[in-house]
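2 protein chains.
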Amino acid sequence: MHESLIKYIKNHSKTQLTEHDVEVIKKTFILKKLRKRQFFLQEGEVCKFYAFIVKGATRQYSVDENGVEHIIRLSIENWWLGDRESHIRSTPSVYNIDVWEDTDFLQVTKADTLSQLHLIPAINEMERILDENYAIASQKRLNAHISWSAEKRYTDLVNTYPQFLQRFPLHIIASYLGITKETLSRIRSNAVTK
Amino acid sequence: MHESLIKYIKNHSKTQLTEHDVEVIKKTFILKKLRKRQFFLQEGEVCKFYAFIVKGATRQYSVDENGVEHIIRLSIENWWLGDRESHIRSTPSVYNIDVWEDTDFLQVTKADTLSQLHLIPAINEMERILDENYAIASQKRLNAHISWSAEKRYTDLVNTYPQFLQRFPLHIIASYLGITKETLSRIRSNAVTK
DNA sequence: CGAAAATTTGACATGACTCAACTGGAGTGG
DNA sequence: CCACTCCAGTTGAGTCATGTCAAATTTTCG
């Protein structure tokens, strides 16, 4: 059950995992499941868990004053689940995270992360790399939003994360791109005839 | 000359700095100056240095196919200078960084960072915190772009970083907000009469 | 003072949004 | 297995926020 996580950690650090490390990881990361539409986190809650997705698909989004959802992150297998800001700072989250496909994930508490996982060098190294990757990806996505048209953002998404299009319906993709489903529909029909 | 940096590091880690640490920091961070309009980094170059701003103001931006600048970051005293993606990955940057006010900064090479600074626990701790902060700030700004109007983004900027308005002209603020200077001008004249 | 930069204003264009209607599955239950 | 509902996706018409372009005005600063 923990194989994909172990493999992931090995891929994201140079330091080897000892057998003991693997034991600690297996004990602290606990398998949980959520079905479609269930919440991993709701707005206003503190994100007490962080998790690695073994199988499934989830979305993280804010809801504006008009009740419109704005998706800021989509996650599938081998990605992480949780609101970093709320988790790190122990502040109420402004986001919701819910499950789009029935999802299996390996969950850790913040206490276990601090007291046990951070004793493992490979974990620290991996977290560091993830933070870097996240910072880089966020900067890129921000730049895309500031300087690219909706159409260019869409074609970039198709090239960068083609999996998303197979896993999420278009109205979710549209929200992720920061546009309405109607606009996305029109962009797509234009692209076909070009 | 290094006081503000030393103070900054102390504020961003729980671990104490030893006298030896301070010596290493003073030797590896070298004071440089750039005058208004000069480049710290140009598109296509690898960002070989990372720097801490002692005094001054800089901007980081991409340039689109129409020659329009899109500002993704503004930095002033006690902020960091450099393109993280290019620096970490040693890849050519897609951004330019130039100086808006004559700027004094303390610069380190990547080699020194790896070989010397990373031996200092407080530096590692600080870097970790900076990555976290950066990831959180990026996420927030992304969410603002996806879900807020230009006007709301502007008022949020006024509240969050009022210094920016005193240091940068409005066409730069507009670009940072992802709008044109004309639109920002109209938003401001509306806000006054409200 | 004079030139360059910053800001504002007006007229017009356009990309994206809103709202509403419609189509076409995919599931569900009687 | 049909009728029904739900959800995804598309389309059209009208509107609105923001962009574009050009020019005027104000500010900054050597």
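Going down the list, the sequences are from chains A and B. Residue numbers for the first sequence follow this note's numbering, beginning at 178 and rising by one. Residue numbers for the second sequence follow this note's numbering, beginning at 178 and rising by one. C-beta atoms are modelled at their ideal positions from N, C-alpha and C, and glycine is treated no differently.
Asked, Found
"Cβ-Cβ distance between Val271 (chain A) and Ser239 (chain A) below 8 Å", "yes"
"Three-state class that DSSP yields for Tyr338 (chain B) in the structure shown", "coil"
"Cutoff 6 Å; reference Gln284 (chain A); Cβ partners in own chain excluding five residues on either side", "Ile207, Lys209, Phe226, Ala228"
"Burial state of Tyr188 (chain A) (16 or more Cβ within 10 Å)", "Per the sequence presented here, residue 188 (chain A) reads as Asn, with Tyr not at that position. Result: exposed."
"Residue range of the beta strand (DSSP E) that includes Glu246 (chain A)", "246-253"
"DSSP three-state assignment for Asn243 (chain A), whether helix, strand or coil", "coil"
"Inter-residue spacing [alpha-carbon to alpha-carbon] between Lys371 (chain B) and Cys224 (chain A)", "With a pLDDT of 44 at Lys371 (chain B), under the threshold of 50, the modelled position of this residue cannot be trusted; read the value that follows with caution. Roughly 38 Å separates the two Cα atoms."
"Inter-stretch contact at 8 Å, needing at least 3 Cβ pairs: the region 340-355 of chain A / the region 261-270 of chain B", "no"
"Limits of the unbroken alpha helix (DSSP H) element including Gln316 (chain A)", "298-324"
"Simplified DSSP state of Gln293 (chain A), which is helix, strand or coil", "coil"
"Proximity test, Cβ basis, 8 Å: Leu291 (chain A) and chain B", "no"
"DSSP-derived helix/strand/coil call for Arg330 (chain B)", "helix"
"Three-state secondary structure (DSSP) of Arg365 (chain B)", "helix"
"Inter-stretch contact (C-beta, 8 Å, three-pair minimum) for the region 324-332 of chain A and the region 316-336 of chain B", "no"
"6 Å CB neighbourhood of Arg212 (chain B) in its chain, flanking five on each side removed", "Asp279"
"Phe282 (chain A) vs Val231 (chain A) beta-carbon contact at 8 Å", "yes"
"Of the residues A:His179, A:Arg214, A:Thr337, A:Gln215, the one placed nearest Val199 (chain A), counting alpha carbons only", "A:His179"
"CA-to-CA distance, Ala321 (chain A) to Thr357 (chain B), given in whole angstroms", "16 Å"
"8 Å Cβ cutoff, Gln340 (chain A) in contact with chain B", "no"
"Per-residue burial, Gly233 (chain A) [other beta carbons within 10 Å of its own, 16 or more giving buried]", "buried"
"Beta-carbon gap between Arg344 (chain B) and Ile253 (chain B) smaller than 8 Å", "yes"
"Min CB distance Arg212 (chain B) to chain A below 8 Å", "no"
"Chain A within 8 Å of Arg305 (chain B), Cβ atoms only", "yes"
"Coarse secondary structure for Lys209 (chain A), derived from DSSP in three states", "strand"
"Residue nearest to Lys191 (chain B) in terms of C-alpha spacing, selected from B:Thr286, B:Glu242, B:Ile274, B:Ile306", "B:Ile306"
"Under 7 Å from the C-beta of Ser324 (chain A): neighbouring residues of chain B", "Ser239, Asp241, His247"
"Contact belief for Leu258 (chain A) with Phe217 (chain A) at Cβ below 8 Å, rounded distance in angstroms", "6 Å"
"Between the CA atoms of Asp289 (chain B) and Ile300 (chain B) - distance to the nearest angstrom", "12 Å"
"Residue burial classification, Gln237 (chain A) (beta-carbon count within 10 angstroms, cutoff 16)", "buried"
"Interface partners of Asn367 (chain B) on chain A, CB under 7 Å", "Going along chain A, no residue has its Cβ under 7 Å from Asn367 (chain B), so there is no contact; the nearest lies around 19 Å."
"Chain-ordered chain B contacts of Tyr311 (chain A) [CB-CB under 7 Å]", "Ala312"
"Which residues DSSP lists as bridging Pro269 (chain A), in chain order", "A:Val223"
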